[in-house]
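Below is one structure, written out as structure tokens; the observations come after it.
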Amino acid sequence: MTPLLAARGLGKAYARAGWRRGAPRTVLSGIDLAIGEGECVALIGRSGSGKSTLARLLMGLEDPDGGAVLFRGAPLAGLDRGGAKIFRAAVQMVLQDPLSAVNPRHGVGRILAEPLRHLTDLTAAARQARISDVLDAVGLDPDAADRLPGQLSGGQVQRIGLARALATRPALVILDEAVSNLDAPRQVDLLDRLASLRRQDGTAFLLITHDIRLARRFADRVVVLSEGRIVDSSACRPGLALSHPAARELLDAVLPAAPGGL
Amino acid sequence: MIAASSANRSGSVAVAGALAAGFVLLALAGPLLAPHDPLAVDLARRFEAPNLVHLLGTDHLGRDILSRLIVGARTTLGSVLVVLALVLGLGLSVGGLAGMVGGRLDAGLMRLCDVFLTVPTFVLALFMIGALGTGLVNVVMAIVLSHWAWYARIVRGLVLELKTRDYVLAARIAGAPPLAIFVEHVLPGVVPPLAALATLDIGHMALHVAGLSFLGLGVQPPTPEWGVMINDARAFFWTRPLLVVWPGLAIALAVLAFNRLGDGLRDRLDPTLIAERGL
Amino acid sequence: MSAKVLQGKVLQAEVLQAKILRAEGLSVETWRTTWRGREPVPLVRGVDLDIRTGEVLALVGASGSGKSLACAALLDVLPPGTRRTGGRILLDGAQAEPAALRGRAVASVLQAPRTAFNPLRTIGGHATEDPGKPGRIAMAEAFAAVGLGDDPRVPDLYPFQMSGGMLQRAMIALALMSRAPFLVADEPTTDLDLVAQARILDLLAGLVRARGLGLLIVTHDLGVVARLADRVAVMEAGRIVETAPAASLFATPREPATRALLAAHRALHAVPAAEAVA
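Protein chains in written order, with numbering that gives the first Met the number 0: chain A, 0 to 261; chain B, 0 to 278; chain C, 0 to 277.
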């Protein structure tokens with residue numbers, strides 16, 4: 000079966016900053032990755048391993064220097080206008096910092112309507128109905144649509160970010176460290192919400208994180224990124240089987256659950 | 000102590016705002032408010048001192064000075080508003096385009112701005128008037144040409160800064176095309192600081208219009224205009240100094256009022272200052 | 000003149016020997032403007048903390064519980080828009096000014112190391128105002144203690160040339176150079192990935208053991224508490240609701256707030272039964 004989203008030999012290098020332009024710094028090279036319909040993949044790695052760059056390439060927000068991103072078998076670079084619109088609606092992303100990811104001048108209703116206006120052909124009334132639906136899906140009151148982000152709590156803004164990504168009924172949602180920096184109760188709440196969305200709608204997820212606990216709890220499969228390459232991968236069940244030193248390092252870094260290593 | 004000084008400052012901004020509003024009202028409704036015809040010559044009543052009929056007196060042709068000042072507000076401030084509209088339009092479109100598109104277009108447009116920024120207003124005005132002849136339209140064009148590049152650069156800087164915001168990235172993910180991103184997410188962040196700057200510039204531009212008209216390059220007599228009025232009165236400066244004082248006072252007051260209002264707006268709208276004030 | 004200097008020296012020596020740093024009744028409030036005028040909004044209410052040398056006290060709580068503000072009040076570095084409305088600081092039972100203790104009795108390590116350094120100065124430039132030999136020896140010693148001693152180029156690096164983990168080490172080295180007996184660390188590992196976090200926590204644990212530091216660590220992660228803390232204070236809505244030795248807090252939590260934090264923490268750690276690591 001054609002995967003939902005796939006990377007084939009993806010590479011990316013950035014020019015070095017400064018007066019003397021040295022050789023470009025390679026951030027990603029030879030990335031092969033496939034995400035199936037409804038699948039939940041965790042991409043783990045340390046900071047600087049190239050995770051966020053890979054997310055931007057998969058989203059088509061930047062162009063790769065080598066290789067290609069395939070959406071249901073079709074290269075992103077070859078999509079026409081209509082195809083690009085379908086791709087955008089089908090693959091969405093939740094950004095790391097929820098508060099800075101929403102325009103402070105826009106009300107919640109307008110924030111959630113944005114993807115619907117640009118990516119769907121819904122009428123204004125249908126958009127309103129869909130906004131109420133996604134607010135409900137993330138556990139917020141429909142009244143929240145009239146608020147400004149500044150009037151909401153951090154946890155509520157986090158859910159607005161998720162609701163916006165879900166508005167177009169995407170087939171895949173990429174979460175770029177969107178869970179890692181929350182406190183534990185919020186992490187659990189968010190992961191539970193995502194799990195129930197998966198059950199209901201069969202949405203696929205790509206969870207990008209440095210915390211192997213989150214990956215283990217939520218994903219079907221873990222892929223380890225180190226220094227711009229995929230170095231290891233494993234199914235999450237029955238148990239993680241990772242052997243690469245970079246993966247071991249991430250596993251060993253998990254803090255004990257209780258004092259004295261109990 | 001701090002509270003008192005900030006109350007003082009907001010008080011002076013309110014006074015400046017009221018004055019500026021008054022000037023704008025004069026410019027809009029001038030001919031309706033003027034007690035006399037500003038062009039009516041009455042040689043029998045030359046150089047009258049301020050009296051009940053002519054509140055500010057009459058000039059060397061017996062024309063009512065108050066009426067000329069009121070109607071002149073329209074010429075001076077009206078041309079400033081035209082200048083501002085053109086400058087803001089050019090600045091926003093060139094700066095916005097350079098900032099949003101970037102790359103070679105950005106580099107090209109910014110070098111163009113540099114060229115315009117190197118020529119001082121008066122030199123450019125003299126050149127234009129030399130080539131195209133005197134008149135208010137040429138004065139307006141000269142001021143626009145020498146100011147728009149400055150605004151374009153500021154707009155570009157603001158756009159480049161706003162473009163890196165996460166919510167702009169989120170808008171791209173939501174499928175918003177560049178024009179929609181500019182209008183919905185970038186422009187609302189550009190307008191407040193730009194409005195403050197433009198207000199600060201009103202006084203400065205009024206000085207340019209009046210100054211060029213004073214030199215005889217802009218508005219031609221007998222059209223009432225503050226700079227022209229000063230020029231007319233120049234010959235009688237030693238015998239009738241009040242003739243120079245009235246339009247001079249009008250210019251000074253307008254410049255002060257719009258500057259103070261601009262300062263107030265900037266304090267109010269500058270996000271870094273808002274952050275400093277805390278909650 | 001010379002007597003004053005001497006007194007200062009004695010005071011300094013006493014400060015360096017201090018055993019207990021105690022905060023009593025710390026209160027912080029902000030205010031909101033309503034149509035009736037300014038209304039105070041309490042953020043931290045009567046927080047007591049005891050930091051003892053050779054021991055790690057963890058201050059935990061969910062986001063918005065006021066733990067970072069309590070810590071800022073202790074150091075007298077409250078953000079604009081908030082003010083301390085009560086409480087006092089005692090050093091070995093003697094009342095002291097927080098501003099006078101900062102950098103002498105109490106050193107601090109902040110959450111975002113990148114913003115805490117001047118980007119235009121090298122790390123060595125931050126470490127010593129005194130370029131003479133004693134200054135350099137002290138610096139080399141501190142850098143060695145935080146694991147930055149192996150690379151002789153480190154003092155000449157600028158902050159942008161270093162990773163987040165290295166910067167946090169450098170910040171701890173600067174804290175050590177003050178030779179203060181107490182160290183306050185506000186979420187010192189939140190901006191780091193887990194690997195860098197584990198190393199910084201190892202480093203802090205080692206320093207507490209080797210140098211007998213008294214460490215106050217503010218965190219939202221009970222994993223950090225489990226790794227490091229001897230005693231734990233749990234905050235909720237500006238108050239400390241429970242203080243207990245770490246082991247008994249994990250074994251028998253008393254307060255609902257503590258139980259909620261623990262439940263979420265355990266849910267994240269829940270591992271499928273047959274965890275097989277090759």
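By construction, the Cβ of each residue, glycine as well, lies at the ideal position given by its N, Cα and C atoms.
Would you mind reading off the limits of the alpha helix (DSSP H) that contains residue i?
i	result
Cys70 of chain C	66 to 74
Pro237 of chain A	That residue, Pro237 of chain A, is in no alpha helix (DSSP H); it is neither H nor E in DSSP.
Ser131 of chain A	123 to 136
Asp251 of chain A	244 to 251
Gly203 of chain C	Looking at the sequence shown, residue 203 of chain C is not Gly but Leu. Where Leu203 of chain C is concerned, the enclosing alpha helix (DSSP H) stretches over 193 to 210.
Glu61 of chain A	From DSSP, Glu61 of chain A is part of no alpha helix (DSSP H); its letter is neither H nor E.
Met127 of chain B	120 to 131
Val189 of chain B	186 to 213
Tyr166 of chain B	165 to 172
Gly34 of chain C	Rather than Gly, the amino acid found at residue 34 of chain C in this sequence is Trp. Looking at the DSSP string, Trp34 of chain C is not in any alpha helix (DSSP H), and its letter there is neither H nor E.
Ala33 of chain B	Note, Ala33 of chain B: premise wrong, no alpha helix (DSSP H); not H, not E.
Ala232 of chain B	225 to 233
Lys132 of chain C	132 to 144
Would you say residue i lies against chain C (beta-carbon separation less than 8 Å)?
i	result
Glu113 of chain A	no
Gly49 of chain A	no
Gly153 of chain A	yes
Arg212 of chain A	yes
Of all the CB atoms in chain A, is at least one closer than 8 Å to the CB of residue i?
i	result
Val276 of chain C	Low confidence applies to Val276 of chain C: its pLDDT is 40, below 50, so where it sits in the model is not reliable enough to give any reading.
Ala106 of chain B	no
Phe116 of chain C	no
Arg328 of chain B	It is not possible to answer for residue 328 of chain B, since the shown part of chain B is limited to 0 through 278.
Thr189 of chain C	yes
His219 of chain C	yes
Pro119 of chain B	no
Leu15 of chain C	no
Ala175 of chain B	yes
Given that residue i touches chain A, what residues does it touch there, using C-beta distances under 8 Å?
i	result
Ala245 of chain C	Pro258
Leu168 of chain B	Leu60, Leu94, Ala100
Gly163 of chain C	Ser46
Taking Cβ-Cβ distances shorter than 7 Å, what residues in chain B pair up with residue i?
i	result
Gln91 of chain A	Ile172
Arg129 of chain A	Going along chain B, no residue has its Cβ under 7 Å from Arg129 of chain A, so there is no contact; the nearest lies around 14 Å.
Would you please verify whether the beta carbon of residue i is less than 8 Å from any beta carbon of chain B?
i	result
Ser232 of chain A	no
Asp274 of chain A	Absent from the structure is residue 274 of chain A, since the part of chain A shown begins at 0 and ends at 261.
His117 of chain A	yes
Arg146 of chain A	no
Arg87 of chain A	yes
Arg71 of chain A	no
Arg216 of chain A	no
Arg104 of chain A	yes
Leu261 of chain A	The pLDDT assigned to Leu261 of chain A is 44, lower than 50, so where the model puts this residue is not dependable, and the model offers no usable value.
Just to check my reading of the structure: residue i and residue j have Cβ atoms closer than 8 Å, yes? What is that Cβ distance to the nearest angstrom?
i	j	result
Arg226 of chain C	Leu166 of chain C	No, Arg226 of chain C and Leu166 of chain C are not in contact; Cβ-Cβ is about 21 Å, not under 8 Å.
Val156 of chain A	Pro97 of chain A	5 Å
Gly29 of chain B	Arg73 of chain B	4 Å
Ala6 of chain A	Arg24 of chain A	Actually they do not touch by this definition, with Cβ atoms about 20 Å apart.
Can you name the start and end residues of the beta strand (DSSP E) that residue i belongs to?
i	result
Ala93 of chain C	93 to 95
Gly82 of chain A	From DSSP, Gly82 of chain A is part of no beta strand (DSSP E) but of the alpha helix (DSSP H) over 80 to 89.
Ala232 of chain C	230 to 235
So residue i contacts chain B; which residues on that side make the cut at Cβ distance below 9 Å?
i	result
Lys279 of chain A	Any answer about residue 279 of chain A is impossible in this case: the structure gives chain A only from 0 up to 261.
Arg7 of chain A	None at all; the shortest Cβ gap to chain B is about 22 Å.
Residues of chain C with CB closer than 7 Å to the CB of residue i, please, in chain order.
i	result
Gly160 of chain A	Near Gly160 of chain A there are no residues of chain C at all, since even the closest Cβ is about 16 Å away, more than 7 Å.
Glu248 of chain A	Val194
Arg45 of chain A	Asp192, Val194
Can you name the residues of chain C whose CB is closer than 9 Å to the CB of residue i?
i	result
Val253 of chain A	Leu193, Ala197, Gly222, His268
Gln265 of chain A	Chain A is shown from 0 up to 261; residue 265 of chain A falls before or after that span and cannot be answered.
Identify the contact partners of residue i in chain C, using a Cβ-Cβ distance below 8 Å as the criterion.
i	result
His209 of chain A	Asp192, Leu193, Val194
Can we say the segment 194 to 206 of chain A touches the segment 233 to 246 of chain A, given the rule of at least three CB pairs closer than 8 Å? no
Do the segment 217 to 234 of chain B and the segment 99 to 110 of chain B meet, that is, are 3 or more Cβ pairs less than 8 Å apart? no
Inspect the CB distances between the segment 205 to 214 of chain C and the segment 176 to 184 of chain C and report whether three or more fall short of 8 Å. yes
Whether or not the segment 193 to 200 of chain B and the segment 176 to 185 of chain B are in contact is what I'm after, with contact meaning three or more pairs of Cβ atoms, one per stretch, closer than 8 Å; do they touch? no
If contact is defined by three or more beta carbon pairs under 8 Å, each pair taking one atom from either stretch, is the segment 261 to 269 of chain C in contact with the segment 235 to 245 of chain C? no
Indicate whether the contact test is met: 3 or more Cβ pairs, each with one atom in the segment 84 to 95 of chain C and one in the segment 248 to 255 of chain C, closer than 8 Å. no
Taking 8 Å as the threshold, find out whether the segment 22 to 32 of chain C comes into contact with the segment 72 to 84 of chain C through three or more Cβ pairs. yes
Three Cβ pairs or more, each shorter than 8 Å: is that satisfied between the segment 246 to 255 of chain A and the segment 69 to 86 of chain A? no
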